[in-house]
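Numbering (our numbering), first residue to last: 1292 to 1574.
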């Protein structure tokens, strides 16, 4: 179980580095087991790697290591064995992750829409309710910014009653970002259904009608499509080391006086920059 979690974590980390067509032997990552003799060696090994699995009975450490790491460990006189089975699984995961957008359902969670299905719903709402909904592009996701063949174009669903724009020119803007944390499937689905409820009930439900008549909603339903797609493949057992640092970045809400942010973290750099450049965001 621990080894499987480590494989999932490693696959997420290596895929975030971009899809390199050729990986140098010294950069090729394998899953290895390293034997240690005492606590000092264990500490030295653990300090060099982000996460390790320690078996104190066997005096071994299992982790992922690049070719140069393996050479350094062996150069230090340590016994290093490559786990060929686990490494083969890692390779298959890495290969699957390069085919971004290929997944059409979430294993075990069919009730939640995938990134593609969410984007399709946004287009359907804009087509069916042109006076209430619009879809705009925000720019490339992280992976797409590094390789145009991968990743996604970030999208925002804008909801308001265009018929009341003239009489209410300064409508307050509500900006909502969901699925920032890739493994939290419910947030994107919740916000998507909220958007559907607004437009489908305008004119019949007094609350939905009042909201769209008087407010503008900007729904970034898939705020982290690259990470979400990885989670959709089943890589939900571990978070990447970049997740915490990204979540620590704060949005300067003081510069967006008419927007209310409801987030579970921080928006992606692309979305954050686009929001800053559009103060306030208008339909």
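All residues carry an ideal CB built from backbone N, CA and C; glycine is no exception.
Every value quoted in this text rests on a predicted model; they were computed, and no experiment measured them.
From this set, the options, which residue's C-alpha is nearest residue i's C-alpha?
i	options	result
residue 1502	1521, 1462 and 1325	1462
residue 1339	1352, 1382 and 1452	1352
residue 1505	1415, 1456 and 1327	1456
residue 1358	1471, 1473, 1368 and 1322	1322
residue 1445	1430, 1458 and 1439	1430
residue 1347	1363, 1366 and 1324	1324
residue 1450	1466, 1524, 1496 and 1320	1466
residue 1427	1480, 1434 and 1413	1413
residue 1524	1334, 1350 and 1400	1400
residue 1331	1350, 1402 and 1484	1350
residue 1518	1495, 1319 and 1441	1441
residue 1326	1368, 1320 and 1362	1368
residue 1493	1420, 1435 and 1382	1420
residue 1476	1500, 1520, 1454 and 1508	1520
residue 1460	1507, 1335 and 1333	1507
Assign residue i to one of three DSSP states: helix, strand, or coil.
i	result
residue 1429	strand
residue 1436	helix
residue 1351	strand
residue 1372	strand
residue 1340	coil
residue 1458	coil
residue 1483	helix
residue 1469	coil
residue 1514	coil
residue 1448	strand
residue 1547	Confidence is the limiting factor: at residue 1547 the pLDDT is only 29, short of 50, which leaves the residue's position unreliable, though a coordinate-based value still follows. Note: residue 1547 maps to coil in three-state DSSP.
residue 1403	coil
residue 1530	Legend: pLDDT at residue 1530 = 42, less than 50; position of this residue unreliable, value from coordinates given subsequently. Three-state DSSP puts residue 1530 in coil, outside helix and strand.
At which residues does the beta strand (DSSP E) containing residue i begin and terminate?
i	result
residue 1419	Unbroken run through residue 1419 is the alpha helix (DSSP H), 1406 to 1419; no beta strand (DSSP E).
residue 1346	1344 to 1346
residue 1508	1507 to 1511
residue 1423	It is not in any beta strand (DSSP E) - residue 1423 carries neither H nor E in the DSSP assignment.
residue 1324	1320 to 1326
Can you give me the Cβ contacts of residue i inside the same chain, cut-off strictly under 6 Å, excluding the 5 residues immediately before and after it?
i	result
residue 1343	1337, 1352 and 1354
residue 1516	1406, 1432 and 1443
residue 1416	1424 and 1490
residue 1566	Only weak support is given to the placement of residue 1566: the predicted model assigns it a pLDDT of 46, under 50, and the question is left unresolved by the model.
residue 1484	none
residue 1439	none
Mind checking residue i: buried by the 16 CB within 10 Å criterion, or exposed?
i	result
residue 1513	buried
residue 1370	exposed
residue 1329	exposed
residue 1411	exposed
residue 1376	exposed
residue 1498	exposed
residue 1496	exposed
residue 1356	buried
residue 1452	buried
residue 1320	buried
residue 1447	buried
Please list, in chain order, all residues of the same chain as residue i whose beta carbon is under 7 Å from its beta carbon, the five residues on each side excluded.
i	result
residue 1408	none
residue 1482	1467, 1469, 1510 and 1512
residue 1397	1403, 1405, 1476 and 1523
Report yes if the C-beta of residue i is less than 6 Å from at least one heavy atom of the ligand MN; otherwise report no.
i	result
residue 1415	Among the components of this structure there are no ligands whatsoever, and the ligand MN is therefore not found.
With respect to the alpha helix (DSSP H) encompassing residue i, which residues constitute its N-terminal and C-terminal limits?
i	result
residue 1360	1358 to 1366
Which residues in the same chain as residue i place their Cβ atom closer than 8 Å to its Cβ, once the five residues preceding and following it in sequence are excluded?
i	result
residue 1365	1371
Under 7 Å, Cβ to Cβ, is there at least one residue of chain B near residue i?
i	result
residue 1504	Looking for chain B here will not work: only one protein chain is present.
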